[in-house]
Amino acid sequence: MDPQTIIARRIARELSAGMLVNLGIGIPTQVANYVPPGMQVFFQSENGLIGTGSPPEEGMAHPMLTDAAGKPVAALPGASTFDSAMSFGLIRGGHLDLTVLGGLQVDQTGRLANWTIPNKMVPGMGGAMDLVSGARRVIVAMQHTAKGAPKIVKKCTLPVTSTRRVDLVVTEMAVIAFPNGRATLIETGPGISPAQVVAATEAELVIGTEVPEMALAA
Amino acid sequence: MRTLSIDQSVAMIPDGASLMIGGFMSVGTPERIVDEIVRQGKRDLTVIANDTAMPGKGIGKLVEAGLLRKAIVSHIGLNPETQRRMMVGEIEVELVPQGTLIERIRAGGHGLGGVLTQTGLGTSVENGKKHISVDGKEYLLEIALRADFALVQAFLADYLGNLSYALTARNFNPVIAMAAERVIASAEHIVPVGVIAPDHVVTPAPVVDYLVANS
Chain F
791 MDPQTIIARR IARELSAGML VNLGIGIPTQ VANYVPPGMQ VFFQSENGLI
841 GTGSPPEEGM AHPMLTDAAG KPVAALPGAS TFDSAMSFGL IRGGHLDLTV
891 LGGLQVDQTG RLANWTIPNK MVPGMGGAMD LVSGARRVIV AMQHTAKGAP
941 KIVKKCTLPV TSTRRVDLVV TEMAVIAFPN GRATLIETGP GISPAQVVAA
991 TEAELVIGTE VPEMALAA
Chain H
249 MRTLSIDQSV AMIPDGASLM IGGFMSVGTP ERIVDEIVRQ GKRDLTVIAN
299 DTAMPGKGIG KLVEAGLLRK AIVSHIGLNP ETQRRMMVGE IEVELVPQGT
349 LIERIRAGGH GLGGVLTQTG LGTSVENGKK HISVDGKEYL LEIALRADFA
399 LVQAFLADYL GNLSYALTAR NFNPVIAMAA ERVIASAEHI VPVGVIAPDH
449 VVTPAPVVDY LVANS
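Here the protein sequences line up with chains F and H, keeping their order.
Each step along the first sequence adds one to the number in the working numbering, with nothing skipped, and position 77 is 867.
Each step along the second sequence adds one to the number in the working numbering, with nothing skipped, and position 192 is 440.
See below:
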């Protein structure tokens, strides 16, 4: 199984019925493919939609029904649309149960850097800072390393997105939480040992006596 | 409200004007007005909008034509041309978190001096901004934004200028319609008064100064 699928299927297990969820682009988007059958989850697109569905069938796209990347989507039964002030009121105001975002680095206290690489990649933060600062729960979906270099580090060398700690980091090798602001290995990836996680991680990890292997959504 | 032709609407905009423009990755951007700005070659513009779209679409056309002096936006990631011009100093870009940007515009349109938000605390966004503590929680003071013109794209406009919007083309449009000295609206459909039911009017007619006529 490829790393992205492992990550998406693990994060799908954090969903529950009735949640309002915002998925970032990239791996986070794939989480929507693994919602348990029959479970109603409301997906928000910050451009002004709750009830975001998959891309519509060929010929059914509407130029005014798009996701936050400007790509055509479907609206599911029960969908609603609204302006950007309302959309970010939902995000900051405690109404958004969960956001899943990509990451460039996470430090050992749970701080996330995911919006810029100075002088190299300056796309603008878009909604990322509001999402990390405002959502009730923040999960980072990212591969454990980038070209062999650890992404879970002692201290972020890239500019942080928020000072608010993320709740969970899910990679293909590990699930890491941050109780009391300390990176703690709570699950390992399929076929991965805690020692392998430690070897691929720069941050100091708290490791319990028994670390279970992650379960994946179907 | 006055109805104007597309060329008259844009002729009102002087070089150096500040423009709020609706749209999110060009969805809900008044393309006819943008095209006319390019045709008339308005220069030194400051654009306040969610993003600069992509080359060939929406605000991306203004970037490519070299008409912008400054962009106050949340995202330029899908427009390499904006990034290139920013790097070489042809365009000044002020990047603002999206939720903060829309609230600064909302404040400008609602008679408020600014808003308090936790977004941006402890990041490069807080540089030079006041911190204000309320009930023991720390916030950043983000000040209100207004512009000379708002360029609004509606789905329906009636003969009086009442506006309604469609799906995700709403985005910044009703918010910018409150925050500019002069509001120019264009619409997919211009319809008789009454077709938009009172409950479905999102931008009330008195807010709209000019409606761009069908050609």
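Yeah, the Cβ is synthetic: ideal placement off N, Cα and C, and Gly gets one too.
- It is roughly 55 Å from the alpha-carbon of Gly356(H) to the alpha-carbon of Gly981(F).
- In the structure shown, the three-state DSSP call for Met911(F) is strand.
- In the structure shown, the three-state DSSP call for Met334(H) is helix.
- For the pair of segments examined, the stretch 306-316 of chain H was found not to touch the stretch 343-353 of chain H: the number of CB pairs separated by less than 8 Å stays below three.
- Under DSSP, Met268(H) takes part in a beta bridge, and its partners are Ile296(H), Ala398(H).
- Straight across, the Cα-Cα distance linking Gly924(F) with Phe878(F) is about 9 Å.
- In the three-state reduction of the DSSP assignment, Ile339(H) falls in the coil class.
- In the DSSP assignment, Ala865(F) falls within the unbroken beta strand (DSSP E) covering 865-871.
- The criterion of a C-beta distance shorter than 8 Å is satisfied by Thr978(F) and Ala964(F).
- When C-beta distances to chain H are compared with 7 Å, the residues of the stretch 875-886 of chain F below that value are Ala875, Phe878, Ile881, Arg882, in chain order.
- Scanning Thr365(H), Ala319(H), Arg291(H) for the CA closest to the CA of Ile391(H) turns up Thr365(H).
- Around the beta carbon of Glu847(F), a 10 Å sphere encloses fewer than 16 other beta carbons of the protein chains shown; the residue is thus reported as exposed.
- Within the stretch 884-948 of chain F, the alpha helix (DSSP H) runs of at least 4 residues that lie entirely inside it are, in chain order, 918-924.
- Within chain H, Met273, Leu326 have C-beta atoms less than 8 Å from the C-beta of Ala859(F), given in sequence order.
- The closest CA to that of Asn327(H), considering only Ile797(F), Leu958(F), Pro913(F), is found on Pro913(F).
- Contact annotation: Gln834(F) and Leu880(F) have beta-carbon atoms nearer than 8 Å.
- In terms of Cα proximity to Val922(F), the closest of Val959(F), Gln794(F), Asp857(F), Thr856(F) is Val959(F).
- Between the C-alpha atoms of Ile444(H) and Leu411(H) there is a straight-line separation of about 8 Å.
- Proximity of Met919(F) to chain H, defined by a Cβ-Cβ separation below 8 Å, is satisfied.
- Secondary structure note for Val286(H): its alpha helix (DSSP H) is the uninterrupted segment 279-288.
- Contact check for Glu962(F) against Pro793(F) passes: the beta carbons are separated by less than 8 Å.
- In this structure Val258(H) is buried. Its beta-carbon is surrounded by 16 or more other beta-carbon atoms within 10 angstroms.
- Cα atoms of Asp897(F) and Pro940(F): separation of roughly 11 Å, rounded to the nearest angstrom.
- Within the stretch 383-415 of chain H, Phe403, Tyr413, Ala414, Leu415 place their CB atoms closer than 9 Å to a CB of chain F, listed in sequence order.
- Residue contact check for Glu351(H) against chain F: a CB pair falls below 8 Å.
- Using a Cβ-Cβ cut-off of 9 Å, Ser952(F) is close to Gln366, Thr367, Gly368, Leu369, Gly370, Thr371 of chain H, given in chain order.
- Scanning Ala402(H), Asn462(H), Ser463(H), Asn419(H) for the CA closest to the CA of Ala453(H) turns up Ala402(H).
- For Ala985(F), the uninterrupted alpha helix (DSSP H) segment begins and ends at 984-989.
- Among the residues facing chain F, Ser322(H) is included, as its CB has a counterpart in that chain under 8 Å away.
- The distance from the Cβ of Ala395(H) to that of Ile438(H) is about 24 Å, inconsistent with a contact at the 8 Å cut-off.
- For a cut-off of 8 Å, the C-beta gap from Pro262(H) to Ser434(H) is around 20 Å, too long to register as a contact.
- Only residues of its own chain outside the window of five on either side were considered, and among them Ser835, Leu839, Thr842, Gly843, Ser844, Pro845, Pro846, Leu855, Thr856, Asp857 have a CB closer than 8 Å to the CB of Val863(F), listed in chain order.
- Excluding its 5 nearest sequence neighbours in each direction, Leu252(H) has C-beta neighbours in its own chain below 7 Å: Tyr458, Val460, Ala461, listed in chain order.
- Using a Cβ distance threshold of 8 Å, Ile424(H) and Met302(H) do not count as a contacting pair.
- Residue environment: Pro827(F) is assigned as exposed (fewer than 16 neighbouring CB atoms within 10 Å of its CB, all protein chains considered).
- Proximity of Pro853(F) to chain H, defined by a Cβ-Cβ separation below 8 Å, is satisfied.
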